[in-house]
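Peer 1:
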Amino acid sequence: MKRTNLILSFLLLCMISLSYGQRKKKTVEEVQSERIAQSPKLVVGIVIDQMRFDYLTRFWDQYGEGGFKRMVNEGFNCKNNHYNYAPTSTGPGHTSVYTGTFPAMHGIIGNDWYDKESGKMVYCAGDDSVASVGTTSDAGKMSPHRMLTTTITDQLRLHTQQMGKVIGIALKDRGAILPAGHSANGAFWYEGGETGNWITSSYYMDALPQWVVDFNDSDAVEVYKKSWTTLKPIGTYLESGTDANTYEGMFKGETTTAFPHDLPAIWDANGQFSLLRSTPYGNSITADFALAALEGEDLGTDAITDFLAISFSSTDYVGHFFGVNSKEIEDTYIRLDQDLARLFTALDAKVGAGEYTVFLTADHAAINVPAYLHDQKLPGGYLDMKGMKEKFDEFLKYKYGTTDVVKNQSNSQLFLDHKILANLDIDLDDAQEDIAKELLSYEGISQVYTGHQMWENDYTEGIPYILQNGYNQKRSGDVLIVPSPGYISYSRTGSTHGSPQIYDTHVPLLLFGKGIKHGSTVNRTEIPDIAPTIASLLGIAFPSGTTGKPIGEVLDFN
């Protein structure tokens, strides 16, 4: 009897254990299913204009705990993140981040480019078919109509039956419009000038929302009409060069490049509120407006994911003006770090810590001032554009009897007149190759490729791979020029960008928040990988032209 009871008890325990295990396994499956279906209440995409990757490490000790360091310490750091195309500029950069592809697919081949159909230069966001909203100027005649594919923000709108809200914000119109996508609820940008107002386009709405009107009517921008001095004692800025030097530009009315910059004294001579773009105050204004949007649009307050796309543009203006090794750029990033910290603090309070996801990257990086490189005995210099043009015109006249065979030169590309070449009975491919060989002989030119090569070959690495990703068959030119490393066509003060060289392609990629692991990688990631990574996190379709791949090691579904 006792033996029978023991056997029955053992069987009962086994059944209980098995039942518990099944229930436990089912619970895990249910949790996994829920996690796959869950989304953060808000995704915040941050693009910092002209941020080199090494700004993250170079100024690390100057940063507080709540901005860049919080993203690294709580999130994931992709240390070997690159643009995989050229030209590396603002319009293509923002578009590539959000479309998950490159200009060959999305069509934004530059900030401006030569339109082969109209024979005119066009602007990436320009649209004469829409009207300005919030201003009487043409500064609002903008839309994303030249972008050929959808964005991650468009896909969120589609996935949520247009219930997920999307807002784009930047000082630059293209920095707000292109990330926000085709179907955004709104995109807003800074007019500067006499008003310092934020404006938009009739593409999105017929009148500014009340919260934007209230922001414009407040003194939120006027408070930054003040002297620009360093946030910390300038003697602690050891991560940058001397304050007064010949590598930096000067605002109109100034007699030195050194701090402080007395903005009220030079206000009218430098475009009034437009002057703030070229100071770190422009980033602070952007952060102020983003916080107003967070409240005014009631973002991240329900179960349907919203998206706030923010671009901090002043870093680009400061870099162009003062250079990547200036005290001004160091101070700008120290101040930006504080702006990021107050943004994250506001997100914690409004949306909830752990309820939102953030990614941060840049639209391109930048080169050190070549004059500075030269003085440090490093390779670098300036293209003699005038001398090159004179020599090239002589070549064209000798070879073809006219310079008219070249219709346009822009974005390091030449556009040839196919009709003239046909009338001269000259094969287009031959003309491309002859011109490429001629240009390759010029000082400061490293490589030259032809449109024919872009059509016929499938490059998988190196400079031609980068050029091909930036080559759109309908929009790009006939000859593609690559300056030698360290060489630019620019003023002798300030930094620039645009090349396929690594100093223009290497940018940060940080992610933190809901669904993001803690860690880092030195494996190569590319800008088009960002959109499919976020799409995978959200469980939504990839943008229509996606060529990038999700960065699996970033995502946490456990």
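Using full-length UniProt numbering, the final residue of the sequence shown is 558, and nothing's skipped along the way. Even for Gly, the Cβ is constructed at its ideal location relative to N, Cα and C. It should be emphasised that the depicted structure is a prediction, and the values quoted were computed from it without experimental measurement.
Excluding the 5 residues flanking A346 on each side, which residues of the same chain have their C-beta closer than 8 Å to its C-beta?
Peer 2: Excluding positions up to five away in sequence, the list reads L291, L294.
Peer 1: Return the chain-ordered list of same chain residues with a C-beta closer than 7 Å to the C-beta of A187, the five sequence neighbours on each side being excluded.
Peer 2: Contacts found: G168, A176, I177, A180, T200, Y204.
Peer 1: Ends of the alpha helix (DSSP H) at K327?
Peer 2: Its alpha helix (DSSP H) spans residues 327-347.
Peer 1: In terms of residue numbering, what span does the alpha helix (DSSP H) encompassing N283 cover?
Peer 2: That run of the alpha helix (DSSP H) goes 281-296.
Peer 1: Within the continuous alpha helix (DSSP H) that includes F392, where are the two ends?
Peer 2: Where F392 is concerned, the enclosing alpha helix (DSSP H) stretches over 385-400.
Peer 1: Reducing DSSP to helix, strand and coil, say where P483 ends up.
Peer 2: Strand, per DSSP.
Peer 1: Can you find the residues in the same chain that come closer than 6 Å, C-beta to C-beta, to N283, ignoring five residues on each side of it along the sequence?
Peer 2: If we look at N283 and ignore the five residues flanking it on each side, its Cβ neighbours are F312, S314, L336, D339.
Peer 1: Among G545, S520, G515, which has the Cα closest to the Cα of I534?
Peer 2: Closest option to I534, Cα to Cα, is G515.
Peer 1: Answer yes or no: the CB of K419 versus the heavy atoms of the ligand ATP, is any distance below 8 Å?
Peer 2: Absent from the structure shown: the ligand ATP. Ligands present: none.
Peer 1: Hey, which unbroken runs of the beta strand (DSSP E) at 3 residues or more fall wholly within the segment 147-226?
Peer 2: DSSP runs (the beta strand (DSSP E)) wholly in the segment 147-226: 166-170, 186-192, 197-201.
Peer 1: According to DSSP, K120 sits in a beta bridge with which residue or residues?
Peer 2: Per DSSP, D115.
Peer 1: Locate the beta strand (DSSP E) running through Y356, then write down its first and last residues.
Peer 2: Unbroken beta strand (DSSP E) run through Y356: 356-362.
Peer 1: Output yes or no for whether 9 Å exceeds the beta carbon distance between D363 and I108.
Peer 2: Going by C-beta atoms, D363 is not nearer than 9 Å to I108.
Peer 1: Which of the three DSSP states, helix, strand or coil, is assigned to A309?
Peer 2: A309: strand per DSSP, three-state reduction.
Peer 1: Using only the alpha-carbon positions, how far apart do Y55 and H418 sit?
Peer 2: Taking the straight line from one Cα to the other gives about 45 Å.
Peer 1: With a threshold of 8 Å on Cβ separation, who are the neighbours of R157 within its own chain once the five nearest residues in sequence on each side are excluded?
Peer 2: Result list for R157: G164, V166, G181, S183, A184, in chain order.
Peer 1: Write down the C-beta distance between A436 and V479 rounded to the nearest angstrom, noting that I regard them as a contact closer than 8 Å.
Peer 2: That belief holds up - the Cβ atoms of A436 and V479 are roughly 5 Å apart, short of 8 Å.
Peer 1: Near G401, what residues of its chain come up, given a Cβ to Cβ distance below 8 Å and the 5 sequence neighbours on each side ignored?
Peer 2: Only L424 meet the Cβ criterion.
Peer 1: Taking the DSSP output, what are the residues bridged to L509?
Peer 2: Answer is C78, T361.
Peer 1: Are there 16 or more other CB atoms within 10 angstroms of the CB of D206, so buried, or fewer, so exposed?
Peer 2: D206 should be labelled exposed.
Peer 1: Quick check: the Cα distance between M71 and G93, rounded to an integer number of angstroms?
Peer 2: Cα-Cα distance, rounded: 22 Å.
Peer 1: With a 10 Å radius around its C-beta and 16 neighbouring C-beta atoms as the bar for buried, classify A309 as buried or exposed.
Peer 2: It is buried - the Cβ of A309 has at least 16 other Cβ atoms within 10 Å.
Peer 1: Please classify I502: is it buried, with 16 or more other beta-carbons within 10 angstroms of its beta-carbon, or exposed?
Peer 2: Classification for I502: exposed.
Peer 1: Are G126 and S132 close, meaning C-beta to C-beta below 9 Å?
Peer 2: Cβ atoms of G126 and S132: not closer than 9 Å.
Peer 1: Near G91, which residues of its chain fall below 6 Å by C-beta distance, leaving aside the five closest residues on each side in sequence?
Peer 2: Correct list, in chain order: I108, N111, C124, R174.
Peer 1: Short of 6 Å in beta carbon distance, which residues of its chain neighbour A244, apart from the five on each side in sequence? Order them along the chain.
Peer 2: Around A244: T256, T257, A258.
Peer 1: Is the CB of E65 under 9 Å away from at least one CB in chain C?
Peer 2: In the structure shown, chain C cannot be found, because there is only a single protein chain.
Peer 1: Name the residue from N411, Y449, D348, H320 whose alpha carbon lies nearest to the alpha carbon of P40.
Peer 2: Per the Cα distances, D348.
Peer 1: Which whole-angstrom value is the C-beta distance of G192 and G75, which I expect to be below 8 Å?
Peer 2: With 8 Å as the limit, G192 and G75 do not qualify as a contact, their Cβ atoms being about 34 Å apart.
Peer 1: So, for Y333: in the same chain, excluding its five sequence neighbours on each side, which residues have a beta-carbon less than 6 Å away from its beta-carbon?
Peer 2: Here the set comprises Y55, F59.
Peer 1: V223: buried (16+ other C-beta within 10 angstroms of its C-beta) or exposed?
Peer 2: Answer is exposed; the Cβ neighbour count stays below 16.
Peer 1: Are D331 and L231 closer than 9 Å when you measure CB to CB?
Peer 2: A contact, by the Cβ cut-off of 9 Å.
Peer 1: In chain order, what residues of the same chain have a beta carbon less than 7 Å from the beta carbon of S274, not counting five sequence neighbours either side?
Peer 2: For S274, where only same-chain residues beyond five positions count, the Cβ hits under 7 Å are G192, G193.
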